[in-house]
Amino acid sequence: MRKVVLMVSFSFLAIFLILLNSKQIFAEEPKPFGLTLGKSTKEESLVNLRREGGKQTSSGYRIIKGEIYNPSIEGYYFKNLPLENLQNASFWFFEGVLFQINYEFPLSMSKEEFYVLYNQLSSKYGKPAKYVKPYLADGLALWKFKDIEMKLLAPWVSSKMYLIYTHIPLSKKADLSDQKVFKQETSKPQRGF
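Here our numbering is used: the first residue of the sequence shown is 99, the next is one more, and so on.
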């Protein structure tokens, strides 16, 4: 009898904890400008961003170190996207599939912009998995979804803050690709040695 009561108590506790965090658990993965990280192709993403009014300012391969770059990872930089106070946005593709989006916003010394954006994101996606107040430390709010992390970062000594969306499995593959390219490039025989 005691085991049954204990099991029922644990069941109610588990249900209570699930309901407490239900907004985060049941929140849809973010799809900025209708893009799906880990699925949207480069071509469809660029068309969609231009349709949203974005103006591409530059593009290039991801630099690993110095003059070593990874041709499997391409970044596209945009301005004029319809998001309040957005200064710059970059969209990164590994082998033609979107794996990371970086937004750059202005940030004052009071960090007021961090709190405004944090409240907007919390109302849509629920409480973050991790939160650090931007006081004498880098401000951080981290939301975790199935394969996606969404990170709001306000460096303590900075005039900019960042909202970063990352598809974790594809990002790990991109990092491994960087390591492979770096190893290949640095193991080539150098003239003049």
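Idealized CB from N, CA, C, for every residue including glycine.
Proximity of residue i and residue j at Cβ, strictly below 8 Å
{"i": "residue 256", "j": "residue 205", "result": "yes"}
{"i": "residue 266", "j": "residue 245", "result": "yes"}
{"i": "residue 269", "j": "residue 170", "result": "no"}
{"i": "residue 232", "j": "residue 254", "result": "yes"}
{"i": "residue 250", "j": "residue 216", "result": "yes"}
{"i": "residue 197", "j": "residue 173", "result": "no"}
Own chain, CB closer than 6 Å to residue i, minus 5 neighbours either side, in chain order
{"i": "residue 156", "result": "175"}
Heavy atom of the ligand GDP within 7 Å of residue i beta-carbon
{"i": "residue 249", "result": "Looking for the ligand GDP in the displayed structure turns up nothing, as the structure carries no ligands at all."}
8 Å CB neighbourhood of residue i in its chain, flanking five on each side removed
{"i": "residue 185", "result": "177, 202, 203, 204, 258"}
{"i": "residue 150", "result": "131, 179, 180"}
Exposure of residue i, with buried meaning 16 or more beta-carbon neighbours within 10 Å
{"i": "residue 207", "result": "exposed"}
{"i": "residue 148", "result": "exposed"}
{"i": "residue 193", "result": "exposed"}
{"i": "residue 211", "result": "buried"}
Proximal residues to residue i (C-beta, below 7 Å), its chain only, five neighbours per side dropped
{"i": "residue 161", "result": "167"}
{"i": "residue 235", "result": "254"}
{"i": "residue 163", "result": "280"}
Suppose only complete runs of 3+ residues qualify. What are the beta strand (DSSP E) ranges in the region 249-286, listed by chain order?
Segments of the beta strand (DSSP E) lying fully in the region 249-286: 258-265.
Can you list the alpha helix (DSSP H) stretches of 4 or more residues lying completely in the region 207-239, in chain order?
210-223
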